[in-house]
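Quick note, the sequence shown lines up with residues 490 to 594 if you use my numbering.
Heads up, the beta-carbon is just placed ideally off N, CA and C, and yes, glycines get one too.
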Amino acid sequence: MGGRKKPSISQLEKRARKTSKEKKEEKKKVEMTLNAKGELTQVSVDAIVKEIRKMKYVTPYIVASRFGIKMSRAKKVLRSLAEQGLLEAYDMNHRVPIYVPVKRK
């Protein structure tokens with residue numbers, strides 16, 4: 490007798506906006522690749538560095554969620570970038586280290 494109710498126009502518009510927003514976010518994600526040893530390739534690290542320079546601060550969670558990598562791998566990448574001088578440790582904590590990109594001169 491009944492059946493499913495038809496969605497209203499505003500519900501259809503919201504659904505369309507949500508799907509288009511998800512498609513845009515999918516395009517932004519860069520594919521992270523691993524080499525034979527299980528480490529990130531240089532192309533992947535360069536993509537991370539490019540994004541990090543735009544940020545005010547960086548935490549392992551931000552890197553892991555934005556690039557779709559594991560937290561442990563994100564921590565290793567941030568530590569190595571700090572050793573290279575691209576990041577500066579703002580607050581070193583055992584759980585959540587916070588890094589700040591070094592200003593270019």
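Which listed residue (E577, V589 and R562) has its alpha carbon closest to that of Y546: Ranking the options by Cα distance to Y546, first place goes to V589.
Close-in-space but distant-in-sequence residues of the same chain around V564 (CB under 8 angstroms, 5 per side omitted): Residue 564 is actually Lys in this sequence, not Val. Around K564: P549 and P586.
First and last residue of the uninterrupted alpha helix (DSSP H) at Y579: If you look at Y579, you'll find it isn't in any alpha helix (DSSP H); it sits in the beta strand (DSSP E) that goes L576 to D580.
For Y546, the three-state DSSP class (helix, strand or coil): Residue state for Y546 is assigned as coil, using DSSP reduced to three classes.
Cα-Cα separation between R504 and K495, rounded to whole angstroms: The C-alpha of R504 lies about 13 angstroms from the C-alpha of K495.
R562, buried or exposed, once every other Cβ within 10 Å from all chains shown has been counted against 16: Buried, because 16 or more other Cβ atoms sit within 10 Å of the Cβ of R562.
In DSSP terms, what V585 is bridged to: Its beta-bridge partners do not exist; DSSP assigns none.
Nearest residue (CA-CA) to S533, options K507, L570, V591 and G491: Per the C-alpha coordinates, the member of K507, L570, V591 and G491 positioned closest to S533 is L570.
Whether L575 touches V552 by CB criterion (8 angstroms): Not closer than 8 angstroms, so no.
Residues bridged to L523 [DSSP beta-bridge criterion]: Note: L523 sits in a beta bridge opposite L529.
Extent of the continuous alpha helix (DSSP H) to which V566 belongs: It spans M560 to Q573 - the alpha helix (DSSP H) in which V566 sits, taken as one unbroken run.
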